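Q: When you number the sequence shown by the numbering used here, it's gap-free, plus one each residue, and the end is 112.
A virtual CB, placed ideally from N, CA and C, is assigned to each residue, including glycine.
Please read all numbers here as calculations on a predicted model, not as lab measurements.
Can you keep this structure in mind? I'll have questions shortly.
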Amino acid sequence: MIYVKDAAEAIIRCIQSEKNHNEAYNLSAPEVLTYRTFLDELHNASDVDFTEQNVTVARSLTARIPFPFPLTEAESELFDGSKLTDELSLTYTPFSEALAATYRAMKGIYL
């Protein structure tokens, strides 16, 4: 996952540097997330008490339950975003920080 502000910063840096105009970059933060990590960070970021319900991959696919991350191994290909960090000196925002900021921004709209 990548924080929208990191994506915007990457675009700005590419535009500002002519040597990067014909380059291709993977925007991919180095953190590898699991559903457990996501739920733990969501609990930490939010002030809303919620319960968790375990659902098998098969049931979630049959019921078309939307999830924020891939469910199957075929959907879980990891990409290397180091070219972007090396060439443009971009530092990705840690997931916990980005999720907390996003939660605060959206809380007033949806809760």
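1. Let's test the definition: count the other Cβ atoms within 10 Å of the Cβ of residue 1 and tell me whether it reaches 16, buried, or not, exposed.
2. Whole-angstrom Cβ separation of residue 53 and residue 40, contact assumed at under 8 Å?
3. Along the chain, which unbroken stretches of the alpha helix (DSSP H) at least 4 residues long are found entirely within the region 60-89?
4. Assuming residue 27 contacts residue 80 (C-beta within less than 8 Å), just tell me the rounded distance between them.
5. Three or more beta-carbon pairs under 8 Å between the region 46-63 and the region 92-108, yes or no?
6. Tell me whether residue 44 sits in a helix, a strand or coil according to DSSP, three-state version.
7. Roughly how many angstroms lie between the CA atoms of residue 83 and residue 94, to the nearest whole one?
8. Just mark residue 50 as buried or exposed, buried being the case when its beta carbon has 16 or more other beta carbons within 10 Å.
9. Report the CB separation of residue 7 from residue 89 in whole angstroms; it is logged as a contact under 8 Å.
A: Short version:
1. An answer regarding residue 1 cannot be provided, because it is not within the stretch 2 to 112 covered by the chain.
2. The residue labelled residue 53 in the question sits at position 52 within the sequence shown. The residue labelled residue 40 in the question sits at position 39 within the sequence shown. Right, the Cβ-Cβ distance comes to about 6 Å (below 8 Å), so this counts as a contact.
3. The qualifying runs are 83-89.
4. Counted from its first residue, the sequence shown places residue 27 at position 26. Counted from its first residue, the sequence shown places residue 80 at position 79. Approximately 4 Å separates the beta-carbon atoms of residue 27 and residue 80; this is inside 8 Å, confirming the contact.
5. Output reads yes: the region 92-108 touches the region 46-63.
6. Indexing the sequence shown from 1 puts residue 44 at position 43. It is helical.
7. Walking along the sequence shown from the start, residue 83 turns up at place 82. Walking along the sequence shown from the start, residue 94 turns up at place 93. Near 14 Å, if we compare the C-alpha coordinates of residue 94 and residue 83.
8. Within the sequence shown, numbered from 1, the residue matching residue 50 stands at position 49. By the neighbour-count rule (16 or more Cβ atoms within 10 Å), residue 50 is not buried but exposed.
9. Position 6 of the sequence shown, counted from the start, is the residue given in the question as residue 7. Position 88 of the sequence shown, counted from the start, is the residue given in the question as residue 89. In fact, because the Cβ distance is near 11 Å, the residues do not count as touching under 8 Å.
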